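Written out below as structure tokens is the structure these notes cover.
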Amino acid sequence: MSIKINYVPQQIPQFIEGIRRAPKREAKLSEADIKLALKNALRYIPEEYHEELAPEFLNELKTMGRIYGYRFRPEGSLNGKNLEEYEGKCTEGKAFQVMIDNNLDFDIALYPYELVTYGETGQVFQNWMQYVVVKEYLKVLTQDQTLVIQSGHPVGLFKSKPDAPRVILTNGLMIGMFDNQEEWKRAAAIGVSNYGQMTAGGWMYIGPQGIVHGTYSTLLNAGRLVLGVDQNSDLAGKLFVTSGLGGMSGAQGKACEIAGGVGIIAEVDYSRIETRYTQGWVSKVAKTCEEAFDLANEYVERKEPCAIAYHGNIVDLLEYAVDNKIHIDLLSDQTSCHAVYDGGYCPQGITFEERTRLLAEDKDKFIQLVDETLIKHFEMIKELHNRGVYFFDYGNSFMKAIYDAGCMEISKNGVDEKDGFIFPSYVEDILGPQLFDYGYGPFRWVCLTGKEEDLEKTDKAAMDCIDPNRRYQDRDNWAWIRDAKKNALVVGTQARILYQDAMGRTNIALKFNDMVRKGEIGPVMLGRDHHDVSGTDSPFRETSNIKDGSNIMADMATHCFAGNCARGMSLVALHNGGGVGIGKAINGGFGMVLDGSQRADDILRSAMPWDVMSGVARRAWARNENSITTAMEYNKMTQGRNHITLPYIVDEQLIDDVTRNVKF
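With our numbering applied, the sequence shown covers 3 to 666.
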């Protein structure tokens with residue numbers, strides 16, 4: 003068996019007009035680096051083609067800042083087809099092919115030709131040669147083998163066993179002294195590192211639906227926390243203002259409508275607005291600030307939900323609100339500030355097209371304009387906050403970007419960023435204490451047949467597994483899944499997201515596997531967003547409500563990854579970066595293929611509780627009150643089998659008394 007590229011397509015497939023293309027990536031390479039990039043790309047190609055392809059790859063590097071190998075991209079649009087339309091020797095091998103193609107669907111991917119799924123830079127693979135070779139490996143993968151992938155590169159197949167992972171993959175893991183944005187850019191340009199984001203390089207992205215439930219929960223609980231919204235009510239008559247309609251941010255309008263509120267979402271790229279409007283994820287489009295706020299006011303007064311896309315810069319929108327004394331209830335931002343100087347944030351005063359030109363032609367000027375706009379953005383938020391608006395950081399590295407632009411005022415301790423920033427992260431105040439500390443997180447599944455009726459059956463089965471009277475979170479989740487079909491959440495293949503706790507996920511997973519076993523539905527792929535209870539260590543986002551100082555540690559995500567490998571999840575991933583940027587997070591996820599087997603049941607019973615409760619355990623040890631309660635309940639339920647270490651609680655007054663006037 004020889005798995006490699008044995009052919010070279012005669013021509014580069016034509017680029018379809020209207021499909022978004024990535025901007026040129028920064029690549030400050032030495033002559034030696036350029037040679038290395040070419041050698042690294044050509045090692046996928048038979049030697050007889052090197053003379054022909056070397057100039058082509060050099061031109062890609064020069065014009066795009068990366069070697070993508072466009073010649074090897076399949077013609078036309080990719081999409082996740084029915085599992086049985088793929089060639090493979092095991093269900094998992096075919097299932098992963100469904101997921102890869104779904105991540106690169108024109109309707110889903112941000113820059114499909116550059117293999118970017120979402121988040122401005124989150125790629126499925128580094129280049130199309132990797133795509134071709136991985137697909138070939140998945141066709142021959144058996145249940146006695148594991149495919150190992152490093153930053154998109156298939157290292158090879160290795161003998162394992164049926165209850166071991168079929169794929170183990172990592173993205174962008176860098177040695178500490180090199181773990182920064184500049185070193186990563188070089189590594190990506192020479193072809194040795196991939197930015198997997200959270201679920202792009204882990205093949206588990208399911209379109210904007212993948213974030214919409216979390217956004218819905220965030221907005222609803224923000225209303226309860228600061229606006230006096232009752233636990234049985236919604237955001238009717240409340241106005242939410244934010245920006246970004248790309249991948250994750252594309253969920254904001256839909257989530258706001260489902261939560262009953264009115265949202266204005268600023269977006270500079272009109273093609274993204276068109277996509278979300280066509281998909282039904284925004285209901286109205288406004289071309290001026292006045293039009294946007296006038297529309298919003300109509301729906302606020304009627305207490306009817308509405309998502310309004312404003313084509314323009316968020317800073318212009320906020321400046322208009324300040325000047326005209328417009329009331330806003332909830333305020334945030336979800337532009338791609340983890341890649342703030344690579345196109346993830348557009349300066350005020352220039353068009354999206356000018357932004358793209360400056361990125362390619364005058365990067366220093368672009369950086370200057372970005373920094374100026376970030377400071378102006380902060381000033382507008384600060385003024386609105388002083389008028390009573392609740393602003394929260396949406397985990398997109400926005401406040402860190404403001405800090406890096408030179409604004410020390412945003413630092414909580416006035417010295418550095420170690421203690422966070424003056425405005426809370428949405429995880430710190432909302433998602434952490436209200437959901438993560440209980441174990442609730444973004445559980446998701448894909449019906450691998452692509453049949454809508456399979457999704458409907460799984461929706462019903464999941465709803466039947468939830469007791470809406472146990473907690474208000476369960477009531478929210480039960481209502482969510484009840485209305486999921488009505489809310490038309492599917493973009494791409496038939497998939498669903500549903501926040502659940504450890505035992506909720508386990509019970510639903512076992513139910514689905516039983517349905518597959520009985521022939522009621524076809525095979526199902528389980529997964530989750532890496533943005534979860536135990537999946538990610540990130541001090542400015544997922545672990546921002548960890549207050550014992552361990553928010554700078556990456557032990558939890560690494561252990562979660564290792565534990566899922568040990569327990570036999572079908573696919574296990576570990577990435578650097580995620581939604582906040584290289585060096586600012588380590589995140590991991592999984593994919594679990596349900597084929598109806600007893601083997602899958604056994605893995606689920608061991609792996610699903612671990613995947614959640616390992617994170618609850620860390621949160622409990624950090625003295626998070628709700629996590630301690632959750633861990634105590636778990637210890638009682640699993641007595642004799644599992645046990646989570648619980649902390650003794652120190653009296654704060656005692657610590658104050660002991661440390662008073664102490665100097666070191």
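Glycine included, C-beta positions come from ideal geometry on N, C-alpha and C. Because the structure is a prediction, the values reported are computed rather than measured.
Where do the N-terminal and C-terminal ends of the beta strand (DSSP E) with residue i fall, by residue?
i    : result
S32  : Looking at the DSSP string, S32 is not in any beta strand (DSSP E), and its letter there is neither H nor E.
I151 : 147 to 152
E108 : In the sequence under discussion, the amino acid at residue 108 is Phe, which differs from the Glu named in the question. Note, F108: premise wrong, no beta strand (DSSP E); not H, not E.
G265 : 264 to 269
T244 : 241 to 245
Y218 : Where Y218 is concerned, there is no enclosing beta strand (DSSP E), although the alpha helix (DSSP H) it sits in stretches over 211 to 228.
M527 : 526 to 530
G90  : Looking at the DSSP string, G90 is not in any beta strand (DSSP E), and its letter there is neither H nor E.
A575 : 573 to 578
Determine the extent of the alpha helix (DSSP H) in which residue i is found, giving its start and end residues.
i    : result
Q183 : 183 to 191
I2   : For residue 2 there is no data in the structure shown, the boundaries of the chain being 3 and 666.
L63  : 52 to 66
Y499 : In the sequence as displayed, the identity of residue 499 is Ile instead of Tyr. Not the alpha helix (DSSP H): I499 falls in the beta strand (DSSP E), residues 497 to 502.
A202 : First-last for A202: undefined, no H or E at that position.
H561 : 557 to 569
A256 : Note that residue 256 is Lys in the sequence shown here, rather than Ala. Per DSSP, K256 belongs to the alpha helix (DSSP H) from 254 to 260.
Does the Cβ-Cβ distance between residue i and residue j come in under 9 Å?
i    : j    : result
I554 : M176 : no
N42  : I192 : yes
Y312 : K289 : yes
N566 : D431 : no
N628 : D478 : no
V150 : V142 : no
K286 : G263 : no
G581 : A587 : yes
N388 : Q350 : no
K163 : D181 : no
G203 : F127 : yes
V131 : I14  : A small correction: the amino acid at residue 131 is Met; Val does not occupy that position in the sequence shown. Cβ atoms of M131 and I14: not closer than 9 Å.
T451 : N84  : yes
L648 : A633 : yes
V243 : G216 : no
A29  : R68  : yes
A268 : G246 : yes
C339 : D318 : no
P25  : L361 : yes
I483 : A497 : no
L44  : L31  : no
G579 : Y197 : yes
G598 : D539 : no
A309 : Q254 : yes
Given residue i, which residues of its chain have a CB within under 8 Å of its CB, disregarding the five upstream and five downstream residues?
i    : result
E458 : K487
D373 : A407, G408
S616 : S536, M558, H561, C562, G565
C467 : G506, N509, I510, K513
Sorted by chain position, which residues of the same chain lie with C-beta nearer than 7 Å to residue i's C-beta, five sequence neighbours on each side aside?
i    : result
W186 : G174, M176, S195, I584
T201 : Y207, G212, D531, H532, G591
L512 : D603, L606
E138 : I5
G224 : Sequence inspection shows Ala at residue 224; the Gly mentioned does not correspond to that position. Correct list, in chain order: L332, Y392, F394, I432.
I424 : I412, K414
L229 : K240, D331
F108 : I21, S79, P114
Please return the same chain residues whose Cβ sits closer than 6 Å to the Cβ of residue i, not counting the five positions on each side in sequence.
i    : result
V10  : Y51
Q475 : Y442
R75  : P15, W130
G570 : D165, A166, I605
Say whether chain B places a C-beta atom closer than 9 Å to the C-beta of residue i.
i    : result
G506 : No chain B appears in this structure, which consists of one protein chain only.
(message) Going residue by residue through the region 583 to 666, where are the continuous alpha helix (DSSP H) segments of at least 4 residues, counting only ones entirely within it?
(response) 600 to 623, 627 to 639, 654 to 661
(request) Take every Cβ of the region 443 to 451, pair it with every Cβ of the region 497 to 509, and state whether three or more of those distances are shorter than 8 Å. (result) yes
(request) Output the residue ranges of the beta strand (DSSP E) runs that lie fully inside the region 119 to 177 and measure 3 residues or longer, sorted by chain position. (result) Runs of the beta strand (DSSP E) inside the region 119 to 177: 147 to 152, 155 to 161, 169 to 173.
(request) Note down, one range per segment and in chain order, each alpha helix (DSSP H) of at least 4 residues found wholly within the region 372 to 437. (result) 400 to 406
(message) If we require 3 or more residues per run, which beta strand (DSSP E) segments fall completely within the region 271 to 295?
(response) With a minimum length of 3 residues, the continuous beta strand (DSSP E) runs that stay inside the region 271 to 295 are 286 to 288.
(request) Ignoring anything shorter than 4 residues or poking outside the region 287 to 365, list the alpha helix (DSSP H) runs there in chain order. (result) 291 to 304, 316 to 325, 354 to 363
(message) Contact between the region 20 to 28 and the region 105 to 121 is defined here as three or more beta-carbon pairs at a separation below 8 Å; is this criterion met?
(response) yes
(message) For the pair the region 515 to 534 and the region 620 to 634, tell me if three or more CB-CB distances fall below 8 Å.
(response) no
(message) So within the region 435 to 461, which uninterrupted beta strand (DSSP E) runs reach at least 3 residues, ignoring any that extend past its ends?
(response) 443 to 449
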